[in-house]
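Residues 110 to 384 in our numbering are what the sequence shown lists, from first letter to last. Notes to accompany the following structure.
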Amino acid sequence: MGQLLSHFSRKETKVSSFHDLAEELVKAKHVVALTGAGVSAPSGIPTFRDPRDGIWRRYDPSICATIWGFRKHPDQLWRLLLDFCREVDPKPNPAHRALAMLEQLGCMHAIITQNIDGLHQEAGSSKVLEFHGNLMNSVCMSCRDKTPLNKDVMTNPATAPTALPPRCTKCDGILKPDAVLFGEAIPSYALWESRREAQRCDLMLVIGTSANVSPASDLPRLAMASQPPAKIIEISKTSTQLTHRVSDVIIKADCVGLSHTVEAVTRLKASSTRS
Ligand SMILES: [Zn+2]
110 MGQLLSHFSR KETKVSSFHD LAEELVKAKH VVALTGAGVS APSGIPTFRD PRDGIWRRYD
170 PSICATIWGF RKHPDQLWRL LLDFCREVDP KPNPAHRALA MLEQLGCMHA IITQNIDGLH
230 QEAGSSKVLE FHGNLMNSVC MSCRDKTPLN KDVMTNPATA PTALPPRCTK CDGILKPDAV
290 LFGEAIPSYA LWESRREAQR CDLMLVIGTS ANVSPASDLP RLAMASQPPA KIIEISKTST
350 QLTHRVSDVI IKADCVGLSH TVEAVTRLKA SSTRS
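Written out as C-alpha cells, the structure reads:
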C-alpha cells in the first residue's frame, strides 16, 4: 500500500541535458523508449484532428477514426490515407534516426510507440511495438490477412487503388488500414510485450508524449514500480503529468536533439575501447 501511494506522491524530477543522457544510456543494461506524437511532429505529421491541418479538416473523425464509421463508410479512411501519402509524405526525422543509431550502438533495446506512421522502422529500428497499429499496413476485415502498403504504389496515379475500399486478394473481404480505430482493442501482442519490456528495463525514455492515456500511461509507472526501479527520463519541451510524479529526469527540449546524444554515446564507447 505504501508503495502504491508513493506512485502518486510528489517526486523530484531533475532537469538534465542530451549530453548527460549519453552517460545514462551507456551505463544502462536494458533501455526502452516510449514514443508519441512529439517524435513524428518534426516529420510534418499533424496531431490527429489538429484543426489547423487541411487533411483532417476535410474528413469527419467520427467516420475516419472509429470502427463504426469505417464499417459504414470504408472508403473515407482510404481517401484520407491516399491524401496523407500524397500531401504529407512523411519521412523519418533526426529523432527517429537517432533512436535507430542508439540501437546499433547497443543502447536501445525496444521502442514502444503510440504513433501509426511506421517511421521508426523506416529509420532502421528493429524492435518496435506499435500500440495503435500501423497505417501503412492493411488488414482484411474477413480473413485478418495483413499486407504492407507501399507509399510509392499509393501515390502513383497509375498504381494507386481506384476502387475504394480495396479488396483482399485471398478472400475478397474489405481491407482496412491497420491503425487501431476508436472502438477497436489494442493489439494483444503489443500490449503484453510492452508491459514485459517496461518491467524488464532499467532505463525508460519517454519521448514526445505526455503518456496520459491508458494503457500507454501505465508503462512508465510499471517501470518505476519494478524492483529495482527503472530510471525514467522524459524528453519533452514542457512538463507533463509524469514530471514530479514519475520521471527522475526531464530534458526540456525538442526530441530531434537526440542526435547530440548519439554523438556523445559514440565518443564514450570509443574512449572505453581505447582505455
Ligand atoms: Zn481476406
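Don't be surprised by glycine CBs; every beta carbon is placed ideally from N, CA and C.
- Less than 8 Å separates the beta-carbon of residue 317 from that of residue 144.
- In the displayed model, residue 254 falls within coil according to three-state DSSP, outside both helix and strand.
- One thing to note: residue 341 has its Cβ no nearer than 8 Å to the Cβ of residue 322.
- Counting C-beta atoms within 10 angstroms of its own C-beta, residue 292 has fewer than 16 neighbours from the protein chains shown and is therefore classed as exposed.
- Put simply, the backbone Cα of residue 274 is about 48 Å away from that of residue 125.
- Closer than 7 Å to some heavy atom of ligand 1: that describes the Cβ of residue 251.
- Contact between the region 292–303 and the region 118–132 is not established, with fewer than three Cβ pairs separated by less than 8 Å.
- By the 16-neighbour rule on beta-carbons within 10 angstroms, residue 187 is buried.
- Scanning its chain for C-beta atoms nearer than 6 Å, with the 5 sequence neighbours on each side dropped, one finds around residue 280 the residues 251 and 252, in chain order.
- In the DSSP assignment, residue 354 is bridged to no other residue.
- The residue among 374, 369, 380 and 365 with its C-alpha nearest the C-alpha of residue 205 is 365.
- A residue is called buried once 16 or more other Cβ atoms fall within 10 Å of its Cβ, and residue 243 is buried on that count.
- Exposed is the label assigned to residue 215, since fewer than 16 other Cβ atoms lie within 10 Å of its Cβ.
- Under the DSSP assignment, residue 286 falls in the beta strand (DSSP E) whose first and last residues are 284–288.
- Non-local beta-carbon contacts of residue 352 in its own chain, meaning distances under 6 Å to residues more than five positions away in sequence, involve 122 and 359 in chain order.
- Rounded to the nearest whole angstrom, the CA to CA distance from residue 227 to residue 120 is 34 Å.
- Contact annotation, residue 201 with residue 232: C-beta distance approximately 4 Å; criterion of less than 8 Å satisfied.
- The beta carbon of residue 128 lies closer than 6 Å to those of 373 in the same chain, with the five residues before and after it left out.
- For residue 268, there is no enclosing alpha helix (DSSP H), as DSSP marks it with neither H nor E.
- As for any beta strand (DSSP E) of minimum length 3 sitting wholly inside the region 287–356, the runs are 312–316 and 340–344, ordered along the chain.
- When C-alpha distances from residue 209 are compared across 172, 229 and 337, the shortest belongs to 229.
- Approximately 7 Å separates the beta-carbon atoms of residue 370 and residue 207; this is inside 8 Å, confirming the contact.
- Bridge pairing for residue 143: 221 and 315 [DSSP].
- Under the three-state reduction of DSSP output, residue 216 falls in the coil class, being neither helix nor strand.
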